[in-house]
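Line order of the protein sequences matches chains A and Z. Going by numbering that gives the first Met the number 0, the first residue of the first sequence is number 0, and it counts up by one from there. Going by numbering that gives the first Met the number 0, the first residue of the second sequence is number 0, and it counts up by one from there. Think of the CB as a built atom: it goes at the ideal place given N, C-alpha and C, for glycine as much as any other residue.
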Amino acid sequence: MKRVSFSPLLAALTLLAMVFGCATSGSQPMYYWENYSDSLYQTKKHPTSENLAEHQSVLEKIIETSKEKNCRIPPGVCAELGYIYAMRNDNKKAIELFTQEKQIYPEATLFMDRLIQRSERKPESEKAAQAPNPPGQNQSQGAAVEKVGTEEKAK
Amino acid sequence: MKTIAKSKRVGLMFGLLLMLSLYYGCAAGPAMTTKGEKFPLMYEETPRSILIMPPINESTAADAKEYYSTTVQEALSYWGYYVFPYEITADVLKMEGIYDAELLTNMPLAKFREYFGADAVLFTTIRKWDVQYLILASSLTVSIDAELKSTQSDQTLWKYSGTTVVDLSGGDTGGGLAGLIAKAIVTAASTAMADYVPYARQTNYRALSTLPVGAYHPKHMTDQAMQFPDQSPPEREDDDASATQ
Chain A
0 MKRVSFSPLL
10 AALTLLAMVF
20 GCATSGSQPM
30 YYWENYSDSL
40 YQTKKHPTSE
50 NLAEHQSVLE
60 KIIETSKEKN
70 CRIPPGVCAE
80 LGYIYAMRND
90 NKKAIELFTQ
100 EKQIYPEATL
110 FMDRLIQRSE
120 RKPESEKAAQ
130 APNPPGQNQS
140 QGAAVEKVGT
150 EEKAK
Chain Z
0 MKTIAKSKRV
10 GLMFGLLLML
20 SLYYGCAAGP
30 AMTTKGEKFP
40 LMYEETPRSI
50 LIMPPINEST
60 AADAKEYYST
70 TVQEALSYWG
80 YYVFPYEITA
90 DVLKMEGIYD
100 AELLTNMPLA
110 KFREYFGADA
120 VLFTTIRKWD
130 VQYLILASSL
140 TVSIDAELKS
150 TQSDQTLWKY
160 SGTTVVDLSG
170 GDTGGGLAGL
180 IAKAIVTAAS
190 TAMADYVPYA
200 RQTNYRALST
210 LPVGAYHPKH
220 MTDQAMQFPD
230 QSPPEREDDD
240 ASATQ
């Protein structure tokens, strides 16, 4: 294999041109991802509670900045934050965020409804409890999902 | 006044040309093709949402899979697709026993449409993720294959393979043999896993440059004519050359 020297400048320019050049119609970037990839990478490398909290705050910041700049929240961000809340059994907050994801991206509806349904089944609160979902006893609750979703939205 | 305006315009043209030549740096090398010509199914099926599969790791680095997977979702979003949240979908797939996308070779992709509502599924393979240690020049290689498949037709909608080779030896440290040894030590120390991730990202962005853009991108359905160098499978060497300089 050929070994060729690498020019960081060229790489930076190409990257910039690709990310911002073709992705935008005006001067505004398409999305504000903040340092999402970096903080996610840190949680993989050292899954300490500090790093996990840091990643959560990055997700919150992405949502905040996107709203401030009147920009669409990037795909998956609301859902991922909702998932963090769902893991702590903070189901109300989780459902709120899953609902937000499908409002921004209708493509996500089917999957978000599944996640909402799952959060619905779990006992509310007891945030420290990491009890897994009791499987197979929740068939009848699907109809309630939409209602809860709208209530969350109304707040 | 006119001359100033004119020279300004010339300057602008020059700048534009420079940008273009940077963008299509390797235009003189391999034959060119267009997005529309190469990936017509993308414009027929017009997938809106993409599910990222756990990467298939063929490299010798065991950690590569987990680290590489943190670089895909963000990159792909800029191409205007709804990208399912990988941190959640990877968990769901794992619970379903799908931690390795290798296991999916015989599975109809319609399953992913039914469960997630995904229009297309992105398979990635990490071919190389390693460092060659040589005394004079060490190099880091990240090599990724990507393939987007339809959950409607199971057909391949888009594919690409890209390699980034980085010369790690840096500038001359001088100092004869002692300098060389020092340099080798520096190189070894500086090639921790962390160093791969930026190059993996760079490889992603270059690979994605040939992907027709999705519904959330302002150029949706208007980028058929965009040119890029045609990639015939055996010509890995060309990849490397365009990756670097």
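Valine 141(Z) is outside the set of residues whose beta carbon lies under 8 angstroms from a beta carbon in chain A.
If the five residues before and after alanine 145(Z) are omitted, its C-beta is found closer than 6 angstroms to the C-beta atoms of Thr123, Tyr159 and Ala206, all from its own chain and listed in chain order. Within chain Z, the residues Pro84 and Ile87 have their CB atoms less than 7 angstroms from the CB of alanine 78(A), given in chain order. The bridge partners DSSP lists for asparagine 34(A) come to none. In the three-state scheme derived from DSSP, where H, G and I count as helix and E and B as strand, valine 212(Z) is classed as coil.
By the rule that beta-carbons nearer than 8 angstroms mark a contact, glycine 96(Z) does not touch chain A. For arginine 47(Z), the closest Cβ of chain A is nearer than 8 angstroms. In this structure tyrosine 77(Z) is not in contact with glutamine 223(Z), their Cβ atoms being roughly 19 angstroms apart against a cut-off of 8 angstroms.
Alanine 52(A) is outside the set of residues whose beta carbon lies under 8 angstroms from a beta carbon in chain Z. With respect to the C-alpha of arginine 87(A), the residue from Asn50(A), Ser118(A) and Ile72(A) having the closest C-alpha is Ser118(A).
Given a length threshold of 4 residues, each whole run of the alpha helix (DSSP H) inside the segment 46-130 of chain A is given here in chain order: 48-67, 76-86, 90-103 and 108-120. Under a 10 Å Cβ-count criterion, histidine 216(Z) is classified as buried, with 16 or more other Cβ atoms of the shown protein chains found around its own Cβ. Taking a Cβ-Cβ threshold of 9 angstroms, none of the residues of chain A is close to threonine 209(Z); the smallest such distance is about 11 angstroms. Arginine 120(A) is classed as exposed because its beta carbon has fewer than 16 other beta carbons within 10 Å across all chains shown. Contact check between the segment 72-88 of chain Z and the segment 26-36 of chain A: three or more CB pairs, one atom from each, fall below 8 angstroms, which counts as touching.
Comparing C-alpha distances from isoleucine 115(A) to each of Ala117(Z), Arg200(Z), Leu103(Z) and Ile87(Z) shows the shortest one belongs to Ile87(Z). Interface with chain Z (8 angstroms Cβ-Cβ cutoff): serine 36(A) is included.
Distances from the alpha-carbon of serine 68(Z) to those of Pro197(Z), Thr140(Z) and Tyr81(Z) put Pro197(Z) closest.
Across the segment 54-75 of chain A, CB contacts with chain Z closer than 8 angstroms involve Arg71, Pro73, Pro74 and Gly75, in sequence order along the chain. When only Cα atoms are considered, proline 28(A) and lysine 218(Z) end up about 14 angstroms apart. The three-state secondary structure of threonine 42(A), taken from DSSP, is helix. With a threshold of 8 angstroms between beta carbons, threonine 69(Z) makes contact with chain A.
Between the segment 78-87 of chain A and the segment 81-99 of chain Z there are three or more C-beta pairs closer than 8 angstroms, enough to call the two in contact.
Each of Gly161(Z), Thr221(Z) and Thr140(Z) was checked against the Cα of threonine 202(Z), and the nearest Cα belongs to Gly161(Z).
Here proline 74(A) has Tyr104 as same chain residues with Cβ atoms under 7 angstroms from its own Cβ, once five neighbours each way along the sequence are excluded. For the pair proline 228(Z) and proline 39(Z), the CB atoms are not nearer than the 8 angstroms cut-off. Within 10 angstroms of the beta-carbon of threonine 108(A) lie fewer than 16 other beta-carbons, which makes it exposed. Residues of the segment 104-115 of chain Z with a C-beta atom less than 7 angstroms from some C-beta of chain A are Phe115, listed in chain order.
Ranked by Cα distance from glutamate 101(Z), the options Phe115(Z), Asp129(Z), Lys64(Z) and Gly116(Z) are led by Lys64(Z). Taking CB atoms only, threonine 47(A) has no neighbour in chain Z less than 8 angstroms away. Between tyrosine 98(Z) and tyrosine 195(Z), the gap from beta carbon to beta carbon reaches 8 angstroms or more.
Cβ-Cβ separation between alanine 61(Z) and aspartate 129(Z): approximately 12 angstroms, too far for a contact (criterion under 8 angstroms). Minimum Cα-Cα distance from threonine 150(Z) among the listed residues Ile143(Z), Thr140(Z), Val164(Z) and Lys110(Z) corresponds to Lys110(Z). Around serine 48(Z), the same chain offers Tyr81, Ala117 and Asp118 as residues with beta carbons nearer than 6 angstroms, after the five sequence neighbours per side are excluded. Taking a 10 Å sphere around the C-beta of proline 107(Z), we find fewer than 16 other C-beta atoms and assign the residue as exposed.
Pairing serine 208(Z) with leucine 156(Z), the inter-Cα distance amounts to about 15 angstroms.
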